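Have a look at the structure below before the remarks.
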Amino acid sequence: MTQDVSANTEAKAEFDAVLREALAGMGLDLLAEQRAAMWAHLELVLAANRQFNLTRITSPADAAVKHYADSLSLLLVPEVAAADRLRLLDVGTGAGFPAVPLAIARLAWRITAIDGTGKKARFVGEAAATLGLKHVRAVHARAADLARREAGQYDVVMLRAVAKLDEGIGEAHRLVKPNGLLVFYKTAAMDAAEWERGQAAAAAHGLQMLDSVDVDVPSPQEVMHRRLVCLRSSGRPPWRPGTGETRLDRARRGPMPH
């Protein structure tokens, strides 16, 4: 059974200690109230987990490292770390990772979290409201569907453990602003075949592969090796912003009637 953490002060203390240690090892720091907000989110996740499957990671220590500290790895991407205000999209958010931890850490960022499963999107929206995260928007949608109405709208589009590189690029590239970033949370052990397919997909869609950012996330048991694969969109999108319609689509359709 899922551990009842709602009244467990020891579990909360363990979560906080492990999270602080992990973040310190990554060169990051959070205020005590920010860590408390992440604990409050975990309580909501575990309570909902009894009704439907949100996560298999249920121990406070594991969640502190594998969900919260890991989600904050994005803050170590140089182009992101230096930005005060960003509009981000979390594709396949699940229980709200990485959207919710990032929203807690960066109040000036506007974050949209989407999931193809309606109950997960609803959970994230309700959790964000409970936590007072007014800058988080949760939407029941898939990336390809959202791109039809919000193409080219996001500075950073994130995919964490939801797709292979080539598949994710194909689904999500239209959502990135010109010169924006598409970021995949991968492991350092990603196989060469996936990397090669990703390079081909990036070239096909006009994306530039940047240097990956390797992050070691410390935990009491072992170090988690995260690799953030970063791609930059071209300066000129091949779609009409806000529609997801490519120039090739328009050529096939022909001129619009007046």
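No gaps in the numbering here: position 30 of the sequence shown is 54 in my numbering, and each next residue is one more. Heads up, the beta-carbon is just placed ideally off N, CA and C, and yes, glycines get one too. Nothing here was measured: the structure is a model prediction, and the numbers come from that model.
Spatially closest choice to residue i from the options, by CA coordinates
i, options, result
"residue 89", "252, 240, 259 and 182", "240"
"residue 119", "85, 140, 41 and 222", "140"
"residue 78", "221, 216, 148 and 249", "148"
"residue 46", "91, 57 and 82", "91"
"residue 56", "129, 49, 160 and 172", "129"
"residue 49", "211, 154, 165 and 244", "244"
"residue 157", "145, 135, 228 and 100", "135"
"residue 62", "209, 44 and 242", "44"
"residue 248", "212, 237 and 223", "212"
Separation of residue j from residue i, as counted between CA atoms
i, j, result
"residue 115", "residue 178", "12 angstroms"
"residue 30", "residue 70", "Model confidence at residue 30 stands at a pLDDT of 49, short of 50, so the residue's coordinates are unreliable; what they give is reported in the following sentence. Residue 30 and residue 70: Cα-Cα distance of roughly 9 angstroms."
"residue 312", "residue 85", "Since the first residue of the chain shown is 25 and the last is 282, residue 312 is not available in this structure."
"residue 81", "residue 93", "14 angstroms"
"residue 337", "residue 155", "Because residue 337 is not part of the residues shown, which for the chain are 25 to 282, the question remains open."
"residue 186", "residue 33", "33 angstroms"
"residue 36", "residue 221", "42 angstroms"
"residue 142", "residue 167", "14 angstroms"
"residue 250", "residue 242", "11 angstroms"
"residue 39", "residue 228", "43 angstroms"
"residue 181", "residue 195", "11 angstroms"
"residue 100", "residue 237", "8 angstroms"
Check whether residue i and residue j have beta carbons under 8 angstroms apart
i, j, result
"residue 252", "residue 98", "yes"
"residue 138", "residue 112", "no"
"residue 95", "residue 66", "no"
"residue 192", "residue 257", "no"
"residue 207", "residue 254", "yes"
"residue 163", "residue 145", "yes"
"residue 133", "residue 170", "no"
Opposing strand residues paired with residue i [DSSP bridges]
i, result
"residue 232", "256"
"residue 183", "115 and 208"
"residue 249", "240"
"residue 200", "178"
- Query: Can you list, in chain order, the stretches of the alpha helix (DSSP H) that have 4 or more residues and sit fully within the segment 44 to 110?
  - Reply: 56 to 73, 84 to 87 and 102 to 105
- Item | Within the segment 116 to 164, ranges of the alpha helix (DSSP H) (whole runs, at least 4 residues) | 123 to 129 and 142 to 154
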